[in-house]
Amino acid sequence: MGEFKIIEAGPCTTVQDRGRYGYQRYGMPVAGAMDDFSYKMANLLVGNEAGAAVLEYTFQGPAIKFFDGAIIAVTGARAAVYLNGCLLPDWQSFFVPGGSVLSFARVEQGARSYIAFQGGLQVEEKLKSRSTYLRGEFGGYQGRKLKKDDCLEFYGQPQKTDYTCRYLPEKFIPDYPSKVEGRIILGPQVECFSEEGAKNFLKGRYKVTEQADRMGYRLEGPEIKHKDGADIISDGVAAGSIQVPGHQQPIILLADCQTTGGYPKIATVISVDLAKIAQLKPGDIISFREIELAEAHRLLEEREKLFQQIRTRKMKFGPSKFLNLKINEDNYRVMIEEIRD
Amino acid sequence: MANYKFVGDKGILVEFEKKIALEVHEQVRKMDAAVNSFLADKVLETIPSYHSILVFYDPLEIEVNNLLAELKRLEKSCSEMSPENQRHLEIPVLYGDEFGPDLDYVAEYNALTPEEVIDLHSSQKYRVYMLGFTPGFPYLGGLPERLATPRRKNPTQKVIAGSVGIAGDQTGIYPISSPGGWRIIGNTPLSLFVPEAQDPFLFKPGDIIEFKAIDRNCYQVLSEKTWDEDERKEIEIG
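What follows is the structure, encoded as C-alpha cells:
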C-alpha cells in the first residue's frame, strides 16, 4: 500500500471509477468519471485493469505529496504537470519517487483531468463502486470532495524497476475545443416538441451556462417549444439525455444525474461524445447532429479497439541523449529520449 | 403492445400505455421481472417507472436488434406470468407537530381537521411506482384525492430524513435530508437508505405500503433501533 497527502485540493477533486451500476432502479445515480475516455486511458497507461479508482479534478489540479513511490499517469484537460517543479508529460506513465510533490498549473484547455495510480486508489467500495456521488455524500473518500491534508492510499507499492513507460501516441490525444458538436440519437420523447422546436434544437448553437456541474449542464440558445406542456409521466433517464423543462432551454444530464425525471427528453448524446461534453466549460458552445444508432455503435467499437491496442502495447524508451543549449546566456541541458514501440 | 424507443446508444425504453394506473404498472412489474430473470446476461440493469422500463445494455456485448427481438418476445409471454411476490410493508409515522410542520396547512387547504388528514393518509394502501429523486425515494400512488395539496412555491427548506410528504396527488418519504418542496405531514423512524447494509434500500419498485400512526413514545423506541435487515423484515405484513 502506498500513501499520499493532499497539500492543496483544487475546487473539485474527487475519487471516481467507471460508475456505480445496478442500483439505478433504487434511485441511486451512476456517478463515475465524467470523461470516460480520459479515465480509461489513464488506467491503461499505468497498467490498471478497467474500473480502478482514480482522481478526477476540475479546472485546477491538486498538489500531492507522495510518501511512497508510485507509477502514475495524467490524462484529460490540458494543464502543465509538475513533479518537484519540473515539467512532466501528460498522457504518459511515469515513476514518482516517494517524497516528491506533484502539482498542476490551471487547466488551459478542457475542464477535467484524471490522475491514475498503478494499483488503483484504495477507498472503501460502496455498492460495488468507489465513485463519489457528491449530492448524496456517498462513496469515494468520505462522500466528498478532497480537502487539504486528506491522506489517501493506493494498492501496491511499485518500485522504479517495475516501471514500463506507456504513452498514448499524439494522434490519439483529444483536443478540447470550446466549440463542439454533440452527435445524438433523437428521442425518447422527440414527439413532445413542435416541429419548429425540434428544428431549432438541431440547427441552434447552445452556450454552456454557469450552471454546469457533474449532474448536468444547463444550456442557453434557441427555444425548443413543446407541443403541449413540459410535463410527462416520470420515467428513467440516462447520462447524455437532453431534457427540456418549461423554460424551453435544454439540460444535458451527466454522470451524477438523477435516475428518473419528469421532463421530456428530445435526444440523447451518443456515448463516445460524452467525453468531449465533459470537457466543456461555462461559455463554451455546443451544437447537435443526429446520427444513426448503428453509426453510434460503430464509433463505440472503434474506440474499444483503441483501448485494446493501448492495453497490449508496451512501449519502452530507448537510451537517453543529452543536448547542451545556450539560451539568452543561460546554459540548459535537455534530455532527449527515443521512443520505440 | 408496448412501444420501443432508443435512449441513446445504450438504452431501450419499453413504454406501456401513458397513464398512472395500477393495471399499467402491473405490466411494468411483470415485464421488469421477466427481463431481469430471463435476460439477466444480456442487459446491464433496468429502471422501472410508472408506465415504462428503461433497459440498459452494452452494445459491445449484444447486437441491439437481437436484444429488441428478445424483449418483444418476452413481452408477449410475460403477460401470462404470475407476478413475483409483492411485499406489503407497514410504515410507522409520527404525524404533526415538529415532525409534520405542514399537517395543519394540508388540513386547512382541504377543509379537513388534522385528525382527518391522519386518518385518511393512514387508511390507504399505496404502491411504490418507482424510486428516484434521491437514493431510495419512493414515488407512491394511491393518495386519496381529498388530501392532494400543491407543493411549496419555494422548495429550499431542509427536509429531514424520514419526512413523509404530499405533493399534488402524490405522497412520498425522504430517505436522506435534502432540500425539497413537498408538504411534510409526519416522519417515520425507519431508515429508507442504509449505505452500509447488504441491501441498503428499504423499498423495491412494486411494494405495497401502508402508514400506521404512532405516538411519540413508540417513535422514540423505534428510532433507537438499528434497523438491520432482520429487523426490517418485521414491518412486512399480510
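Line by line, the protein sequences are chains D and V. The first sequence: position 245 = 407 (our numbering), numbered continuously. The second sequence: position 51 = 1128 (our numbering), numbered continuously. Cβ atoms here follow ideal geometry from the backbone N, Cα and C, with glycine treated the same way.
DSSP bridge partner residues for residue i (one or two, in chain order)
i, result
"residue 168(D)", "226(D)"
"residue 1169(V)", "1289(V)"
"residue 378(D)", "415(D)"
"residue 258(D)", "232(D)"
"residue 1313(V)", "1166(V)"
"residue 495(D)", "486(D)"
Interface residues of chain D facing residue i [CB-CB closer than 8 Å]
i, result
"residue 1210(V)", "189, 420 and 422"
"residue 1105(V)", "Within 8 Å Cβ-Cβ: nothing; residue 1105(V) doesn't reach chain D, min ~10 Å."
Opening and closing residue of the beta strand (DSSP E) in which residue i lies
i, result
"residue 313(D)", "313 to 316"
"residue 271(D)", "271 to 279"
"residue 471(D)", "Premise fails: residue 471(D) lies in the alpha helix (DSSP H), 455 to 474, not in any beta strand (DSSP E)."
"residue 307(D)", "Unbroken run through residue 307(D): none, as it is neither H nor E."
"residue 1192(V)", "No beta strand (DSSP E) holds residue 1192(V); the alpha helix (DSSP H) holding it covers 1191 to 1198."
"residue 235(D)", "232 to 240"
"residue 1183(V)", "Segment 1180 to 1186 is the alpha helix (DSSP H) holding residue 1183(V); no beta strand (DSSP E) there."
"residue 369(D)", "368 to 374"
"residue 354(D)", "Run containing residue 354(D): none; DSSP gives neither H nor E here."
"residue 221(D)", "Premise fails: residue 221(D) is in no beta strand (DSSP E) and is neither H nor E."
"residue 177(D)", "175 to 178"
"residue 449(D)", "447 to 452"
"residue 243(D)", "243 to 245"
"residue 265(D)", "263 to 266"
"residue 1205(V)", "1203 to 1208"
"residue 248(D)", "248 to 250"
"residue 403(D)", "403 to 405"
8 Å Cβ cutoff met for residue i and residue j
i, j, result
"residue 1111(V)", "residue 1151(V)", "yes"
"residue 263(D)", "residue 234(D)", "no"
"residue 358(D)", "residue 387(D)", "yes"
"residue 1119(V)", "residue 1089(V)", "no"
"residue 318(D)", "residue 1210(V)", "no"
"residue 239(D)", "residue 338(D)", "yes"
"residue 212(D)", "residue 307(D)", "no"
"residue 164(D)", "residue 241(D)", "no"
"residue 192(D)", "residue 456(D)", "no"
"residue 214(D)", "residue 282(D)", "yes"
"residue 278(D)", "residue 220(D)", "no"
"residue 1266(V)", "residue 1300(V)", "yes"
"residue 1320(V)", "residue 1252(V)", "Because chain V is modelled from 1078 through 1315, residue 1320(V) falls outside the range shown and cannot be assessed."
"residue 1321(V)", "residue 1091(V)", "Because chain V spans 1078 through 1315 in this model, residue 1321(V) falls outside it and cannot be assessed."
"residue 1086(V)", "residue 433(D)", "yes"
"residue 1167(V)", "residue 1082(V)", "no"
"residue 1099(V)", "residue 1204(V)", "yes"
"residue 412(D)", "residue 462(D)", "no"
"residue 292(D)", "residue 177(D)", "yes"
Residues that residue i contacts on chain D, provided the C-beta gap is smaller than 7 Å
i, result
"residue 1124(V)", "186, 187, 398, 421 and 422"
"residue 1097(V)", "395"
Extent of the continuous alpha helix (DSSP H) to which residue i belongs
i, result
"residue 358(D)", "357 to 365"
"residue 204(D)", "198 to 207"
"residue 436(D)", "433 to 439"
"residue 342(D)", "Careful: residue 342(D) lies outside any alpha helix (DSSP H), inside the beta strand (DSSP E) at 341 to 348."
"residue 338(D)", "No alpha helix (DSSP H) contains residue 338(D), which DSSP labels as neither H nor E."
Chain V residues whose Cβ lies nearer than 9 Å to that of residue i
i, result
"residue 466(D)", "1137"
"residue 183(D)", "1121, 1122 and 1133"
is_contact[residue i, chain C] using C-beta, thresh 8 Å
i, result
"residue 1083(V)", "The structure shown contains no chain C; the protein chains it does contain are D and V."
Neighbour list for residue i in chain V, Cβ cutoff strictly below 7 Å
i, result
"residue 168(D)", "Here the premise fails: no neighbours, minimum Cβ distance about 24 Å."
"residue 347(D)", "1083, 1085 and 1086"
"residue 416(D)", "Those within 7 Å of residue 416(D) in chain V number zero; the least Cβ separation is about 13 Å."
"residue 463(D)", "1137"
Residues that residue i contacts on chain V, provided the C-beta gap is smaller than 8 Å
i, result
"residue 431(D)", "1085"
"residue 459(D)", "1086, 1136 and 1141"
"residue 403(D)", "1084 and 1085"
"residue 298(D)", "1211, 1212 and 1253"
"residue 369(D)", "In chain order: nothing, as chain V lies at least about 23 Å away."
"residue 289(D)", "1272 and 1277"
"residue 245(D)", "The contacting residues do not exist; residue 245(D) stays about 36 Å from chain V at best."
"residue 455(D)", "1083, 1086 and 1141"
Beta-carbon neighbours of residue i, restricted to chain D and to distances below 9 Å
i, result
"residue 1129(V)", "350, 395, 397 and 398"
"residue 1282(V)", "187 and 188"
"residue 1108(V)", "Neighbours of residue 1108(V) on chain D: none; closest Cβ ~13 Å, over 9 Å."
3 or more residues per run - each beta strand (DSSP E) lying fully within the region 1081 to 1161 of chain V | 1088 to 1092, 1122 to 1125 and 1129 to 1133, all fully within the region 1081 to 1161 of chain V.
Along the chain, which unbroken stretches of the beta strand (DSSP E) at least 3 residues long are found entirely within the region 1210 to 1270 of chain V?
-> Within the region 1210 to 1270 of chain V, the beta strand (DSSP E) runs of at least 3 residues that lie entirely inside it are, in chain order, 1215 to 1218, 1240 to 1244, 1247 to 1250 and 1260 to 1264.
Give, in chain order, every unbroken run of the beta strand (DSSP E) that is at least 3 residues long and sits entirely within the region 1274 to 1311 of chain V.
-> List check, beta strand (DSSP E) in window: 1285 to 1290.
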